[in-house]
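Residue numbers (the numbering used here), protein chains in the order written: chain A, 140 to 254; chain B, 24 to 134.
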Amino acid sequence: DTAVSQTPKYLVTQMGNDKSIKCEQNLGHDTMYWYKQDSKKFLKIMFSYNNKELIINETVPNRFSPKSPDKAHLNLHINSLELGDSAVYFCASSQDVVRGDYGYTFGSGTRLTVV
Amino acid sequence: ELKVEQNPLFLSMQEGKNYTIYCNYSTTSDRLYWYRQDPGKSLESLFVLLSNGAVKQEGRLMASLDTKARLSTLHITAAVHDLSATYFCAVDPSGTYKYIFGTGTRLKVLA
């Protein structure tokens with residue numbers, strides 16, 4: 140199946156821990172993103188990579204570090220987790236608009252709960 | 024600061040009725056996107072509107088874009104229960120793939 144795959148789907152962890160979320164897309168897209176959706180459903184961009192190069196780096200605590208080993212993968216590592224980090228994190232991808240703008244394709248999301 | 028506002032935030036409607044969701048944005052953008060999110064699920068692309076005057080229809084949903092008014096509408100015709108979801112609009116004002124999402128409209132269609 141062609142898709143954007145995120146793992147894990149659910150993540151429950153204690154404050155202070157370090158965790159990673161992985162994302163892979165097999166759509167051949169050039170750009171990948173991380174978005175955070177809070178409890179009020181508000182979606183905010185965190186990072187974006189185009190062909191392994193960081194192109195968007197919003198005002199996010201430096202405890203959050205993205206890594207893109209190749210253009211099909213974008214992982215998110217979070218250090219020293221805090222209660223306020225609890226949210227749903229969505230990975231997404233898109234192709235270069237010069238090849239046609241079809242919008243983002245989203246992954247299924249990772250629900251992170253920090254206790 | 025760029026704002027993307029949707030109206031209404033919550034909508035409860037009877038099956039068979041028509042209604043329109045509005046998306047207003049505060050800066051220039053030639054492109055606008057509509058997404059649907061079911062509870063606990065991912066976001067599914069509904070429409071990609073790429074120019075002023077663009078109109079797209081899929082089933083009971085029709086979306087339009089007026090870039091001069093900075094307004095997009097999502098019109099629902101003869102609503103059915105399966106349309107119950109949260110609908111988001113998004114704009115990409117700088118053309119750099121950075122979408123700014125609206126506040127979302129939570130739609131509930133009552134049987």
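C-beta: ideal position from N, C-alpha, C; glycine also.
Looking at the structure shown, is A/Leu-222 part of a helix, part of a strand, or coil, going by DSSP? Helix.
Along the chain, where does the beta strand (DSSP E) that runs through B/Leu-25 open and close? Per DSSP, B/Leu-25 belongs to no beta strand (DSSP E) and is neither H nor E.
Does A/Leu-182 come out as helix, strand or coil in the three-state DSSP assignment? Looking at A/Leu-182 - three-state DSSP - the assignment turns out to be strand.
Nearest by alpha-carbon distance to A/Gly-167: which of A/Gln-176, A/Ala-142 and A/Ile-160 is it? A/Ala-142
On the DSSP bridge assignment, give the partners of A/Ser-233 in chain order. A/Thr-170
Within 7 Å of any Cβ in chain B, is that where the Cβ of A/Gly-247 sits? In the sequence under discussion, the amino acid at residue 247 of chain A is Ser, which differs from the Gly named in the question. So yes, A/Ser-247 belongs to the interface.
Which two residues bound the contiguous beta strand (DSSP E) that contains A/Gln-145? Secondary structure note for A/Gln-145: its beta strand (DSSP E) is the uninterrupted segment 143–146.
Proximity winner among B/Leu-66, B/Tyr-110 and B/Gln-37, relative to B/Ala-86 (alpha-carbon distances): B/Tyr-110
Which class does B/Leu-32 belong to by DSSP, given the choice of helix, strand or coil? When DSSP states are grouped into helix, strand and coil, B/Leu-32 belongs to the coil group.
Near B/His-104, what residues of its chain come up, given a Cβ to Cβ distance below 6 Å and the 5 sequence neighbours on each side ignored? Val-132 and Ala-134
Kindly list, in the order they appear in chain B, the residues whose Cβ is closer than 9 Å to that of A/Lys-291. Outside the displayed span of chain A (140 to 254) sits residue 291 of chain A, for which this structure offers no information.
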